[in-house]
Amino acid sequence: MSACSSTPPVPILSFTERAKSLSEIQQAHAFMLKTGLFHDTFSASKLVAFAATNPEPKTVSYAHSILNRIESPNGFTHNSVIRAYANSSTPEIALTVFRDMLLGPVFPDKYSFTFVLKACGAFCGFEEGRQIHGLFMKSDLVTDVFVENTLVNVYGRSGYFEIARKVLDRMPVRDAVSWNSLLSAYLEKGLVEEARALFDEMEERNVESWNFMVSGYAAAGLVKEAREVFDSMPVKDVVSWNAMVTAYAHVGCYNEVLEVFNMMLDDSAEKPDGFTLVNVLSACASLGSLSQGEWVHVYIDKHGIEIEGFVATALVDMYSKCGKIDKALEVFRATSKRDVSTWNSIISGLSVHGLGKDALEIFSEMVYEGFKPNGITFIGVLSACNHVGLLDQARKLFEMMNSVYGIEPTIEHYGCMVDLLGRMGKIEEAEELVNEIPADEALILLESLLGACKRFGKLEQAERIANRLLELNPRESSGYVQMSNLYASDGRWDEVMDMRRKMRAERVNKKPGCSMIEVDGVVHEFLAGEGLRIE
DNA sequence: CTAGGGTTAG
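So the first sequence is numbered by the UniProt record's numbering: it starts at 1 and just counts up by one.
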């Protein structure tokens with residue numbers, strides 16, 4: 001044997017490194033087993049490490065299972081699996097790997113502790129974190145700023161702020177992350193005042209500290225405070241701008257979204273990214289501001305930003321909300337990488353534009369191309385059927401969503417069906433559907449059905465539905481009002497009086513109709529029945 | 001290695 005026998009051949013490792021999916025990693029694994037390379041700890045570790053850093057969630061447990069089959073895994077290999085679990089949706093499994101490590105020949109190092117503590121932070125495991133903290137202190141490992149920063153975060157995130165603070169205060173060396181670990185924990189719990197006090201007291205701050213404050217204030221609904229912090233930032237990065245833009249978008253201040261976006265373009269070196277553009281496009285969509293939206297589209301093209309994913313969806317949605325369904329379709333067609341959301345945005349767009357047939361055609365295309373529709377897709381196609389009156393098609397789709405795609409219909413889906421059935425005069429069939437859903441959610445659907453009964457003059461069904469409506473919510477006016485109108489149209493005045501009496505007895509008041517008009521920039525409000533006011 | 005943007009379609 002040559003001296004190089006422990007150095008693995010290059011091809012399979014470089015294949016492993018390039019492996020993008022679980023199946024490619026499995027191929028590499030199979031190859032290693034077949035050639036005996038798997039017995040080489042270095043090669044096997046590489047395999048685990050690459051599987052663990054793969055973005056696909058399922059590869060983490062695969063990495064774990066490979067780790068368990070390695071004869072004498074080193075610390076590095078354990079660590080990469082612990083870290084992968086810490087970043088996964090099942091962080092608590094990291095504890096299992098950590099325990100296996102304690103039982104094995106290789107004692108955890110500072111990396112193992114950092115990662116397993118991060119996992120504890122992810123599931124707010126105070127007790128687990130405390131025990132691991134104790135273990136770290138009893139070990140021969142020297143104190144480490146990474147381990148301690150993560151500890152501060154674990155205690156903070158599990159709500160033990162005093163302990164977190166004590167750890168922070170006793171740290172021999174602190175950096176900005178140490179402070180941020182506690183700051184972010186406060187903000188995560190919505191404790192903005194505590195966060196503010198800490199922020200003012202901090203020995204050291206970086207851009208992230210400021211970003212935490214901006215997004216923390218915004219999450220608490222304090223947009224003004226967020227803006228104040230934002231304006232006084234010494235340095236802003238993309239995240240800062242996005243945090244501010246998102247803050248305004250969140251509360252529906254779309255003009256401010258555009259204002260901040262323009263500031264970003266004018267006086268900052270930071271380039272907008274996908275997050276920025278999606279927020280800006282959605283603001284344009286809500287404002288119906290086609291010109292601004294078109295400007296963003298030009299910006300995207302000019303800067304060679306690929307139209308895919310979130311950006312594609314937002315762009316299609318912007319055009320359709322601004323009334324340019326042809327442009328929306330054009331963008332959709334030109335998009336190279338589509339996902340479910342892109343399909344959904346064009347389907348919904350076509351549907352609200354009354355182009356139900358086109359929406360259904362695109363849906364067929366979507367299925368044909370192998371995309372899996374979700375609940376939102378079905379809201380789109382069902383409302384498309386609703387707009388065009390395609391009852392059979394809607395029935396088929398409604399049935400399919402559960403039987404073929406395993407999607408449980410929600411109130412929105414039932415709403416589309418009940419609306420359509422009512423519109424077609426199929427009151428009994430609609431009632432059967434309403435009976436499938438919980439009573440408190442059924443209210444709004446019953447009201448819609450009552451309206452349909454009225455249009456079709458179905459008095460008997462209307463009485464039945466109105467009674468159910470009144471049973472469910474005797475204080476709500478719409479049932480009484482609709483019924484009394486219905487009796488009136490049939491000339492049954494005694495019943496009309498009876499309804500009015502019941503309303504008085506239950507102290508139900510109909511909410512007055514209201515309309516507004518803007519004159520010279522001042523909004524005037526008129527209430528039905530209030531009479532003329534002359535000033 | 002540790003703290004980080006509640007981005008889209010209803």
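No residue lacks a Cβ here, since even glycine has one placed at the ideal position from N, Cα and C.
- Message: Quick check on the DSSP output: the alpha helix (DSSP H) that includes residue 142 runs from which residue to which?
- Response: That residue, residue 142, is in no alpha helix (DSSP H); it is neither H nor E in DSSP.
- Report the option in 123, 84 and 72 whose CA atom is closest to the CA atom of residue 107. Of the candidates 123, 84 and 72, 72 places its Cα closest to the Cα of residue 107.
- Of all the options 172, 123 and 133, which has the alpha carbon lying nearest to the alpha carbon of residue 159? Nearest C-alpha to residue 159: 123.
- Put residue 30 into one of helix, strand or coil per three-state DSSP. The answer is helix: DSSP assigns residue 30 an H, G or I state.
- Beta-carbon proximity check, residue 168 vs residue 212, cutoff 8 Å: The answer is no: Cβ separation not under 8 Å.
- What does a CB cutoff of less than 7 Å around residue 490 pick up in its chain, not counting 5 residues either side in sequence? Around residue 490: 459.
- For residue 199, I'd like the list of residues in its chain whose CB is within less than 7 Å of its CB, leaving aside the five on either flank, ordered along the chain. Excluding the 5 residues flanking it on each side, residue 199 has same chain C-beta neighbours closer than 7 Å at 183, 209 and 213, in chain order.
- Query: Looking at C-alpha atoms only, which residue of 297, 242, 338 and 151 is the closest neighbour of residue 310?
  - Reply: Ranking the options by Cα distance to residue 310, first place goes to 338.
- Out of 305, 128, 247 and 231, which has the shortest C-alpha to C-alpha gap to residue 221? Comparing Cα-Cα distances from residue 221 to each of 305, 128, 247 and 231, the minimum goes to 247.
- Message: Looking at residue 287: is its Cβ nearer than 8 Å to the Cβ of residue 325?
- Response: Cβ atoms of residue 287 and residue 325: not closer than 8 Å.
- Item | For residue 217 and residue 223, the rounded distance between their alpha carbons | C-alpha of residue 223 to C-alpha of residue 217: approximately 6 Å in a straight line.
- Message: To the nearest angstrom, how far is the alpha carbon of residue 303 from that of residue 480?
- Response: Computed Cα separation, rounded: 59 Å.
- Message: For the alpha helix (DSSP H) containing residue 447, name the first residue and the last one.
- Response: Residues 439-456.
- So what's residue 53 in DSSP terms, helix, strand or just coil? Helix.
- Message: Does the stretch 124-136 come into contact with the stretch 171-180, if we say contact requires no fewer than three beta-carbon pairs (one atom in each stretch) closer than 8 Å?
- Response: Counting Cβ pairs under 8 Å, fewer than three are found: no touch.
- Please go through the same chain and pick out, in chain order, the residues whose beta-carbon is closer than 7 Å to the beta-carbon of residue 344, but skip the five residues on each side of it. Closer than 7 Å at Cβ, skipping near neighbours: 376, 377 and 380.
- Query: In chain order, what residues of the same chain have a beta carbon less than 8 Å from the beta carbon of residue 48, not counting five sequence neighbours either side?
  - Reply: Within the same chain, residue 48 has close Cβ partners 63, 66, 67, 70, 73, 77, 80 and 81.
- Item | Simplified DSSP assignment, three categories, for residue 286 | In the structure shown, residue 286 sits in a helix (DSSP, three-state: H, G or I).
- Message: Taking the alpha helix (DSSP H) that residue 402 belongs to, which residues open and close that run?
- Response: Per DSSP, residue 402 belongs to the alpha helix (DSSP H) from 391-403.
- Item | Environment of residue 368 [buried if 16+ CB atoms lie within 10 Å] | Its Cβ having fewer than 16 others within 10 Å, residue 368 is exposed.
- Shortest alpha-carbon distance to residue 440 belongs to which of 411, 450 and 427? The option with the nearest alpha carbon to residue 440 is 411.
- Task: Look up residue 410 in the DSSP assignment and say whether it is helix, strand or coil.
- Result: Three-state DSSP puts residue 410 in coil, outside helix and strand.
- Item | 8 Å contact criterion, which residue 151 and residue 110 should meet: CB distance rounded | No, residue 151 and residue 110 are not in contact; Cβ-Cβ is about 12 Å, not under 8 Å.
- Within this structure, are the beta carbons of residue 149 and residue 121 separated by less than 8 Å? At a Cβ-Cβ threshold of 8 Å, residue 149 and residue 121 do not count as neighbours.
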